[in-house]
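Undergrad: Respectively, the protein sequence lines represent chains G and Z. Reminder that position 560 of the first sequence reads as 560 in our numbering, one-by-one numbering, no gaps. Reminder that position 56 of the second sequence reads as 791 in our numbering, one-by-one numbering, no gaps.
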Amino acid sequence: MRLTRRFTALCFALIVAWLVLAGGRGSSGVAFAAPQLAEPTLTPKPSLEGARGHSADSRRVQYDPDDGYYDDGDEDDDKLPSVPPGNIYPSPYDDEEPGYDYQREMERSRKRKVEGDLGKVLKDDHYDYCRDLESRVEAGEYPLCKLKEAAKARCPGFAAACDKPPVEGKGSLVGGDSKRTTRGEKKPEEAKPTPPPKVSSDMSGAAAVVFWALLFGLAALLLFSVARNFRREDIAEKPEQPEKPDEGDEFVPRAKRSIVETDVDRLLARARAAAQAGNFDQAMSDAHAALLRYLDGNGLIELHHSRTNGEYARHLREHPELQAAFRASAREVEAVQFGASQSGAEGFRRVMGRILPVLGRAAALLLCFSLLTQVMACGSSGPSKPKSTPSADYGPGGVSVLQSLLIERGSDVRHLDGKVGEIAEDVHTIVVHGPTDLESSEWSSIMAWVRRGGRLVVALDSDLPETQLKAVRIGASCDQLKVAATYPNYSAEKLTAVTPEALGLIDKSYWPILECHDAGGANPQPYAVAKDLGLGSVVVLPSSDLLTNASMVSDDHAHVVMDLMFGTPSVVVFIDTWTGVGEESPFAAVGHGKLNPFLLQLFLLMGVLFWWKGRHFAKPQDPPEAHRRAFREHVEALGAQYAKARASRMALGMYAGWALERLRERCQPGGNRRGLLPLAAAIAARTGRDERDVTRILVESESARDAYTAPGEPTEDLKLMRELEALLADTGGMR
Amino acid sequence: MNVAEFSQSFRAVVTEMSRVLVGQDDIVEHVLTASLARGHVLIEGVPGLGKTLLVRALSHVLGAGFKRIQFTPDLMPSDVTGGNVFDQSKGQFLFMPGPVFTQLLLADEINRAPAKTQSALLEAMQDRSVTADGETRALPEPFLVIATQNPVESQGTYPLPEAQLDRFLIKVHVTHPSQAAEQQILTNYLHGFDPANLDRVGLQQVLSVEQLLEMQRTLNSVRVDPEIVAYVTDIVGRTRSHRAVYLGASPRASIGLLTTARARAAAEGRDFVVPDDVKMFAPGVLRHRLLLHPDAELEGTTADDCVEGILREAPVPRTAA
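1. Using a Cβ cut-off of 8 Å, pull out every chain G residue sitting near Z:A1049, in sequence order please.
2. Are the beta-carbon atoms of G:A340 and Z:R958 separated by less than 8 Å?
3. Helix, strand or coil for Z:D843 per DSSP?
4. Suppose contacts are defined by Cβ-Cβ distances below 8 Å. Is Z:L829 in contact with Z:I804 by that definition?
5. At least one CB of chain G closer than 8 Å to the CB of Z:P1010: is that the case?
6. What residues in the stretch 949-982 of chain Z bring their beta carbon closer than 9 Å to a beta carbon of chain G?
7. How many angstroms separate the CA atom of G:L660 from the CA atom of G:G733?
8. Are the CB atoms of G:R455 and G:G536 within a distance shorter than 8 Å?
9. Would you say Z:L789 lies against chain G (beta-carbon separation less than 8 Å)?
10. Tell me which same chain residues have a C-beta within less than 7 Å of the C-beta of Z:L756, skipping the five on either side of it?
11. Compute the beta-carbon to beta-carbon distance between G:L438 and G:L547, rounded to the nearest angstrom, for a pair I have assumed lies under 8 Å.
12. For my contact list, Z:L900 and Z:R1024 are in at a C-beta cut-off of 8 Å; report their separation, rounded to the angstrom.
13. When you compare the CB positions of G:S306 and Z:P1050, do they come within less than 8 Å of one another, or not?
14. Would you check if there are 3 or more beta carbon pairs closer than 8 Å linking the stretch 548-556 of chain G to the stretch 397-413 of chain G?
15. With a threshold of 6 Å on Cβ separation, who are the neighbours of Z:E779 within its own chain once the five nearest residues in sequence on each side are excluded?
16. Helix or strand or just coil, what does DSSP make of Z:N932?
17. Quick check on G:G310: does DSSP put it in helix, strand or coil?
18. Ends of the alpha helix (DSSP H) at Z:S742?
19. Is DSSP giving Z:M811 helix, strand or coil here?
20. Tell me whether G:E700 sits in a helix, a strand or coil according to DSSP, three-state version.
21. Would you list, in chain order, the members of the stretch 987-1008 of chain Z that have their beta-carbon closer than 8 Å to a beta-carbon of chain G?
22. Starting from the C-beta of Z:R997, find all residues in its chain whose C-beta is less than 8 Å away, skip the five residues before and the five after it, and write them out in chain order.
23. Counting Cβ pairs closer than 8 Å, one from the stretch 693-709 of chain G and one from the stretch 720-732 of chain G, do we hit at least three?
24. Give me the chain G residues within the contact set of Z:L1046, using Cβ-Cβ distance strictly less than 8 Å, ordered along the chain.
25. How many Å lie between G:A159 and G:D545 at the Cα?
26. Over the uninterrupted beta strand (DSSP E) stretch that includes G:R751, give me the two end residues.
27. Is the CB of Z:R1053 under 8 Å away from at least one CB in chain G?
28. Can you round the beta-carbon distance between Z:H775 and Z:L879 to whole angstroms, since I take them to be within the 8 Å contact cut?
29. Which word fits G:L131, buried or exposed, when buried means at least 16 other C-beta atoms lie within 10 angstroms of its C-beta?
30. For the stretch 280-303 of chain G, enumerate the residues whose C-beta is nearer than 9 Å to any C-beta of chain Z, in chain order.
31. Starting from the C-beta of G:M562, find all residues in its chain whose C-beta is less than 7 Å away, skip the five residues before and the five after it, and write them out in chain order.
32. Going straight from the alpha carbon of Z:C1062 to that of G:L292, what length do you get?
33. Using the beta-carbon count (16 or more within 10 Å), is G:H415 buried or exposed?
34. Closer than 8 Å, Cβ to any Cβ of chain G: which residues of the stretch 841-856 of chain Z, in chain order?
35. Indicate whether G:L322 and G:L300 have their beta-carbon atoms separated by less than 8 Å.
36. For the putative contact between G:V458 and G:E466, defined by C-beta atoms under 8 Å, what is the C-beta separation to the nearest angstrom?
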């Protein structure tokens, strides 16, 4: 049992260690492949022929509301053909029924579909805050409260929360970690979890001395324990010399040897050995004992010498399978032990058949758990594992509503944990949102993938990769959000702006989809723009506000955003602030977390512990046999206790009383007690000693006997006891 | 009859009894086990817990003759055993058997009668016979006394003498039912259950007297390992050296414990006794046989505490502990 316990403990420790190691989000690259071509989409998009090319230019220019393009002052630009106004996707029915707007009818149908999906999504318990009027919003998400009126219809809880003062940190409103920042007031990088405060290594001199003293003390203690263990093993391996019994102990029966085997594996081995030897009675008993020890070790029963099998079985009533197996085993064994049944190979086999599945269950569970954790650990390191549930935050600042709507449409929504490397073949759309720290090489990978036919939506709360996207974020008087005039079918959409940000376009091939206006409805600035790039397309937003949960439940935002998602993408990968945070491997994650020294010390400590506790996986050994101690040892122990209590005078007093009685019996038989002087004379006459010396010994002894509670001098007391002992020896022996 | 049939009959009786006694399967099993072990039962419990109903239902299910004696302070021994009465027509004394001449005798509130009346049952319980005017008459087989007493009331009661107590094989405590059981009792009452009319309930006779006697004889075939005997004597012996016990259990208690253990083994379908059988019935067999020191009683120690402590200390044979 001890072996099993230790094995379990070691396995558990290894699993914990593995979980710690797997805690870092490692990523492994996936095979490069060309992205699949985009499927037809209803997203409004001008044809490539209508787009005007622009060379990369980092100049800051003004947005021209007349043609919807960024104006860098080049006169030639105005000569370029403008984007054709009106419906860019001509309806096939336009020619057939001029009086009926099929495109608008289709939009209404899609809008109803989005509305239905949104209703389903918001029924999720994660959005209880939408229904809870007592919820609160946290400070980081408070800017979204501009949407409170717009969201009131679908999420009254959010609107109510916005009327209350925000709470610091995680509020009741938020289901997960918020990744939002208060844009315009706080840089995105500041929104990332701040590193834990660095612990100063400076330590005062005394504290350092104490610390190192404790450390060395512990190390010394461990080494001593290990050394003592080895010494014990050496002693145990030596043939034991039977202790010579004390004189007079020959009539005392020696205690019967009664070593109880407690190890399950050894009990099973012993049972098998007994069965092979034909002793099936013993074999069955050992097998059943192994089961008992196993159950005891797992805390299911508590072994006690006064408990019966029936009681153990009743203890297992909460585990019917175990109870049935135990009852069956106990019945077989008891029929042999107490009944007239003869033990045999068949009975032993039946007992083992009952027991082994129970004993094996723990190992199987451990193995399953280990495999499960490994699978989970591996799963967390993959960059593009399919996820059937939203991976983002469910709070107002998260994008879980968008993910859920995509899932409702049949999309496979994934989250990229590792660094952006090769993008899988089946990825249709990538959404980069929130504050991210993508490196230029990663952006290059993404843009290359777009050129091969991928669809990219960029809604960053951090600076845009200007060289890649050829667009920048600019501050703007963004009080109203409207669909660009080039999309009359969307003119009825009701939108609400959140943050005063718009896009500055360097690349004039972008065409606007949404524009933000000032309070007077003038001075439009591009808010959402799109362009074709190679075989793919890119949609850029100045922030992730439009994609947030708070936005998705507001006005017609969900409808518009879902159209920005290029119809119904097969696989959508979300990239956010947590992308690339994970390390390449669990070891790198541990190293990055500066846990290597800690784990090394932990493993070292575990190793020393297991080494110390009896060579867990090594040769099992019986517990030391209990010997009957010699009387001398008891006396020595008692003397040691007296010495420890500094009670030498008490010991002398008691010994003196006893010795004087013996001396009187021997030298003054008949009970004639006439004082110490006659006794001294008798002793002197009998032993030939100096009478004065004997008198002194007797007088001092009697004084010690009468004043045994007085403080004494151990050396003097011991000397006097030895003198008395010598007198006793001279007058007839020590006893 | 083999032990399998024994067990089947036992379960059938318990199941039938459970139709009228809700939540008292354990009590029923104890009483039935004692009756199969040819022992008498002392049931202790406050009024209204179904003690009398238990005995009446048992007699009904076992098909045994049943008589009830309500013990009162003015009850005379002859009211229990019967006596000789002069028959003027024949000009001689004729023996008029008392209610003890039955198979199942309910001695209701036995501690309300004085000791001399209680003692009238001594011979009947031990030797299953009654002696009147020098003539000994055997009682019918099987003969089972089930006595009840109220532990709360002490006014006008006479505690049973030790000799009388020792003749009861087991003493059973009847406690209040659980809430669920009490709800079931009320439901049965609302559906017209009348404890005075068990026929109306449809309580069936499961065993005949002959079958009951056959079951009693079957117990002789149940094997008792020497280690079980040692376990029994160890437990009983510990009652005699327990610091709180003034007078420990008698050898009759050992025999009773062994017999009930055999009955329990057979009821479980085993032809051998295991330690659990002994331990299960040890409290019932021993609790009324222990006479505690006054100081222990003052400390609140009960006989059940002593037995429980003894069972915690006595090592069970052949365990892995």
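Here a beta-carbon is modelled for each residue, glycine too, at the ideal position from N, C-alpha and C.
TA: Let me lay it out:
1. S306
2. yes
3. strand
4. no
5. yes
6. R958, V959, D960, E962 and I963
7. 14 Å
8. yes
9. no
10. V763, G785, L788, L789 and A792
11. That pair is no contact at about 17 Å.
12. 7 Å
13. yes
14. yes
15. Q884, P886 and H908
16. coil
17. helix
18. V738 to M752
19. coil
20. helix
21. R1005, D1006, F1007 and V1008
22. A772, L954, V957, V959, V1008 and D1012
23. yes
24. S306
25. 16 Å
26. Residue 751 of chain G lies beyond the residue range present for chain G, which begins at 1 and ends at 735; the question has no answer from this structure.
27. yes
28. 6 Å
29. Position check: residue 131 of chain G holds Arg in this sequence, whereas Leu was assumed. Exposed, by the Cβ-count rule.
30. S285, D286, H288, A289, A290, L291, L292, R293, D296 and L303
31. V114 and L405
32. This structure leaves residue 1062 of chain Z out entirely; chain Z is present only between 736 and 1056.
33. buried
34. none
35. yes
36. About 12 Å separates the two Cβ atoms, so there is no contact after all.
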